[in-house]
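Numbering (this note's numbering) for the sequence shown: 59 to 236.
Structure record follows, encoded as structure tokens.
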Amino acid sequence: MTTSAKTTWNIDPMHSEVQFKVKHLVISTVTGAFKSFEGGLETEGDKFDGANASFSIATSSVDTNVTDRDTHLKSAEFFDSENHPNMTFKGVLKHTSGDDYKLVGDLRIKDITKQIELTVEHGGIMVDGYGQTKAGFEITGNINRKDFGLTWSMVTEAGGVVVGDNVKLQLNVQLTKG
Numbered sequence: 059m060t061t062s063a064k065t066t067w068n069i070d071p072m073h074s075e076v077q078f079k080v081k082h083l084v085i086s087t088v089t090g091a092f093k094s095f096e097g098g099l100e101t102e103g104d105k106f107d108g109a110n111a112s113f114s115i116a117t118s119s120v121d122t123n124v125t126d127r128d129t130h131l132k133s134a135e136f137f138d139s140e141n142h143p144n145m146t147f148k149g150v151l152k153h154t155s156g157d158d159y160k161l162v163g164d165l166r167i168k169d170i171t172k173q174i175e176l177t178v179e180h181g182g183i184m185v186d187g188y189g190q191t192k193a194g195f196e197i198t199g200n201i202n203r204k205d206f207g208l209t210w211s212m213v214t215e216a217g218g219v220v221v222g223d224n225v226k227l228q229l230n231v232q233l234t235k236g
């Protein structure tokens, strides 16, 4: 019986991004990002199937290109960044077919933890110009913001909802083999 060594893959923040999209007034979409995050995978050797994933995002790093909106998102009505500085994810990467995986695990926002499932496409592995082994992944999924206590809402005079409940997640992640 041979035991594979554990391999750590850390997020390269210079070549990764965490974005979200949410409907505004039900007629258009607002895109935002988080600028400060960390995490990675722990694999058996170089095999990604069954890898343990962990991720942490600084809620105060939210950026929608509108200062007033960002301030509101950091407030107690949304992320409450002062009392909940990070949202976290811990899960397992499961190979489905070809370059496709599912990432299943627990997302914690504020004091609420829910299991979510994200779709993952593995872009490949490459050695960069500095001799570092890199792996690329595109991760997508949806969550309902109200499931995580992000319940602020407003209705317009015409009856339209200001902020949609469904939040689309899109992460482009490059990992560096440790």
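The beta-carbon is built from N, C-alpha and C at its ideal position, and this holds for glycine as well.
query                                                                                                                     : result
Buried or exposed: MET145, going by 16 or more other Cβ atoms within 10 Å of its Cβ?                                      : buried
Can you give me the C-alpha to C-alpha distance between HIS142 and ILE167, rounded to a whole angstrom?                   : 8 angstroms
Which residue from TRP67, ASN230 and THR129 puts its Cα closest to that of GLY103?                                        : TRP67
Would you kindly work out how many angstroms separate the C-alpha atoms of ALA111 and ASP164, rounded to a whole number?  : 10 angstroms
Kindly indicate which three-state DSSP category LYS168 falls into: helix, strand or coil?                                 : coil
Cβ of ILE201 within 8 angstroms of Cβ of ILE174?                                                                          : yes
Work out the CA separation of ILE115 and LEU229 for me, nearest whole Å.                                                  : 12 angstroms
To the nearest angstrom, report how far apart GLU140 and GLY156 are at their CA atoms.                                    : 42 angstroms
Which residue's Cα is closest to the Cα of ARG203: GLU100, ASP138 and VAL80?                                              : VAL80
Ends of the beta strand (DSSP E) at HIS153?                                                                               : 144 to 155
Helix, strand or coil: how does DSSP classify SER119 here?                                                                : helix
I need the boundaries of the alpha helix (DSSP H) containing LYS132, first residue and last residue.                      : 125 to 132
Let me check one thing: in DSSP terms, what residues is LYS64 bridge-paired to?                                           : GLU102
In whole angstroms, what is the alpha-carbon distance linking PHE137 and LYS105?                                          : 35 angstroms
Could you pull the DSSP bridge partners for GLU135 from this structure?                                                   : BP columns for GLU135 are empty, so no partner.
Please classify GLN232 as buried or exposed, where buried requires at least 16 neighbouring CB atoms within 10 angstroms. : buried
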